[in-house]
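Trainee: The working numbering applies: residue 806 is where the sequence shown begins, and numbers increase by one.
By construction, the Cβ of each residue, glycine as well, lies at the ideal position given by its N, Cα and C atoms.
Since we're looking at a predicted model, the values are computed, not measured.
Below are the structure tokens for one structure; questions will follow.
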Amino acid sequence: LNQESDDLQFETWFIAWVRTAFQAKSNKQSINNLMAWSDEISKTGREIQKQFLDYSLRFFRQALLYNYNAKELVFMKLSDKSFKFENFAPFIDASNIAEISKEIELANYHIERNANPKIVLTDLSIKLTRLLHLKKA
Numbered sequence: 806l807n808q809e810s811d812d813l814q815f816e817t818w819f820i821a822w823v824r825t826a827f828q829a830k831s832n833k834q835s836i837n838n839l840m841a842w843s844d845e846i847s848k849t850g851r852e853i854q855k856q857f858l859d860y861s862l863r864f865f866r867q868a869l870l871y872n873y874n875a876k877e878l879v880f881m882k883l884s885d886k887s888f889k890f891e892n893f894a895p896f897i898d899a900s901n902i903a904e905i906s907k908e909i910e911l912a913n914y915h916i917e918r919n920a921n922p923k924i925v926l927t928d929l930s931i932k933l934t935r936l937l938h939l940k941k942a
């Protein structure tokens, strides 16, 4: 039961994160929003931060499966009706998924080892901005 409420919070954080990361390419003010997002997440406990990063990995995996027409394997149901999974999925493909996964796992590793979460999450957010806009190979 508690996991479900965490997933709702994680969904809210994730959607805000990727929307701001998308905007950062054309709107440099979004970098400040990414830093504010990192500050908000860094105020939670390390276990919550690590769980959020795990949730993010699952979300990206689901988007990749959706993008490659394995829709029967996509089980994630979103409560935010303004976020369209089918619009997000085309941005996750072979050109960036490995790097996105690597960066999230590295951030998880650093948080586990007591790195400053605000710095780790800000760095991850800036990298995500670049990775979401990679052109398909």
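#1: Is the Cβ-Cβ distance between A951 and L939 less than 8 Å?
#2: By how many angstroms is the C-alpha of N837 removed from the C-alpha of F896?
#3: Measuring only the C-alpha atoms, how far is N913 from K855?
#4: What residue range does the alpha helix (DSSP H) around H915 cover?
#5: Considering only the alpha carbon of each residue, which of F865, S887, F888 and K886 lies closest to Q879?
#6: Considering Q854, what are the terminal residues of the alpha helix (DSSP H) in which it resides?
#7: Please go through the same chain and pick out, in chain order, the residues whose beta-carbon is closer than 8 Å to the beta-carbon of F893, but skip the five residues on each side of it.
Mentor: Result, derived from the coordinates:
#1: Because the chain spans 806 through 942 in this model, residue 951 falls outside it and cannot be assessed.
#2: 23 Å
#3: 6 Å
#4: I902 to E917 is the extent of the alpha helix (DSSP H) around H915.
#5: Note that residue 879 is Val in the sequence shown, not Gln. Closest by alpha carbon: F865.
#6: R851 to N872 is the span of the alpha helix (DSSP H), which, as asked, contains Q854.
#7: V823 and A868
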